[in-house]
Amino acid sequence: MRHALVTSGTKGLGVQVTKALLKKGYTVTVSYRTEDEAMKQLETTWGHLKDRIQLVQVDVTKKEDIYRLVDGAYDRFGRIDVVVNNAGPYIFERKKLFDYEEHEWQTMVNGNLSAAFYMFKKVLPIMRNQQFGRIILYGFQGANTAPAWLYRSAYAAAKVGLVSLMKTVAVEEAEYGITVNMVCPGNIVGEMKEATIEESRKQKDPDTPIGRSGTGEDIARTVAFLCEDDSDMVTGSVIEVTGAVDVLHRYR
6 MRHALVTSGT KGLGVQVTKA LLKKGYTVTV SYRTEDEAMK QLETTWGHLK DRIQLVQVDV
66 TKKEDIYRLV DGAYDRFGRI DVVVNNAGPY IFERKKLFDY EEHEWQTMVN GNLSAAFYMF
126 KKVLPIMRNQ QFGRIILYGF QGANTAPAWL YRSAYAAAKV GLVSLMKTVA VEEAEYGITV
186 NMVCPGNIVG EMKEATIEES RKQKDPDTPI GRSGTGEDIA RTVAFLCEDD SDMVTGSVIE
246 VTGAVDVLHR YR
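Using this note's numbering, you'd call the opening residue of the sequence shown number 6 and step up by one each time.
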């Protein structure tokens, strides 16, 4: 039985990924930080599968917590086949780099880029030994071309750096049966993060060219595909799931 580790997998986009992998028969270790109510809800909903799910409270922006999370997943299930690095800090206030505080810059870079390094360092030895691994990271629309993103400089810089890191590790680890990819959501906000595709089709979204909002299920379906054994030909790829919406220039 394949085992997946999903960071921040109790709410938002992450909970749809957790649900999708459970439905496909995976055992899943899910991290959460402060979302106690969301954790309890997941525990209640999937309580009948308690032998297949583990919830761990950690801060995945900290190296020690990442290592504790990975150790806990491996100790409980004996393998780690999939890592979905769903967690990553974000600054919602729109402001120029000139106005950033040093601690805000460090939070963005450490939480989105350095945290991935620590995760790689901890899970790659396990996956190499298994001769199998699937790692999925998150980016933003256009990250593959390193665009300017007005008022999002620190976050964008960290994620663009993550693109290069992802592509490099994908090449380095391919011989061990490990794939590494990045999924870039579109403008998925509010309730739509945990919504299904069916729910999104019931309400028009004039801002998205395909006519409906993206959902957590759209992201989960993409992630689930990348996790499959036969998806090994897809690695080092940046996959945009945006409905053709222009996220970067929506608010100029």
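Backbone N, C-alpha and C define an ideal beta-carbon position, used for all residues, glycine too.
Beta-carbon proximity of residue i to residue j, cut-off 8 Å
i           : j           : result
residue 188 : residue 175 : no
residue 123 : residue 183 : no
residue 204 : residue 221 : no
residue 117 : residue 167 : yes
residue 78  : residue 34  : yes
residue 143 : residue 90  : yes
residue 92  : residue 13  : yes
residue 219 : residue 247 : yes
residue 9   : residue 87  : yes
residue 141 : residue 231 : yes
residue 192 : residue 213 : yes
residue 26  : residue 229 : yes
residue 250 : residue 148 : no
residue 215 : residue 190 : no
Presumed contact (8 Å Cβ cut-off) between residue i and residue j, rounded CB distance
i           : j           : result
residue 75  : residue 11  : Going by Cβ atoms, the distance from residue 75 to residue 11 rounds to 12 Å, so no, they are not a contact pair.
residue 252 : residue 135 : Between residue 135 and residue 252 the Cβ distance is about 36 Å, and since that is not below 8 Å, they are no contact.
residue 38  : residue 62  : 7 Å
residue 48  : residue 60  : 6 Å
residue 181 : residue 133 : 5 Å
Buried or exposed (CB count within 10 angstroms, at least 16 for buried), residue i
i           : result
residue 29  : exposed
residue 54  : exposed
residue 245 : buried
residue 139 : buried
residue 178 : buried
residue 126 : exposed
residue 36  : buried
residue 150 : exposed
residue 113 : buried
residue 50  : exposed
residue 137 : buried
residue 194 : exposed
residue 171 : buried
residue 238 : exposed
residue 6   : exposed
Segment contact, 8 Å Cβ cut-off, at least three pairs: the region 16-24 with the region 38-58: Per the Cβ contact rule, the region 16-24 is in contact with the region 38-58 (3 or more Cβ pairs under 8 Å).
Contact between the region 205-220 and the region 143-154 (3+ Cβ pairs under 8 Å): By the Cβ test, the region 205-220 is not in contact with the region 143-154, since fewer than three Cβ pairs between them sit closer than 8 Å.
Cβ pair count under 8 Å reaching 3, the region 79-92 against the region 100-113: Touching, no, given that fewer than three Cβ pairs across the two stretches are closer than 8 Å.
Sequence ranges, alpha helix (DSSP H) only - wholly within the region 98-172, length at least 4: For the region 98-172, whole alpha helix (DSSP H) runs of length 4 or above, ordered along the chain, are 107-114 and 120-135.
Length at least 4, wholly inside the region 42-86: the alpha helix (DSSP H) runs in chain order: The region 42-86 contains these whole alpha helix (DSSP H) runs: 68-82.
In chain order, each alpha helix (DSSP H) run of at least 4 residues that lies wholly inside the region 184-220: Runs found: 202-205.
Uninterrupted beta strand (DSSP E) stretches inside the region 7-43 (no shorter than 3 residues): List check, beta strand (DSSP E) in window: 8-11 and 32-37.
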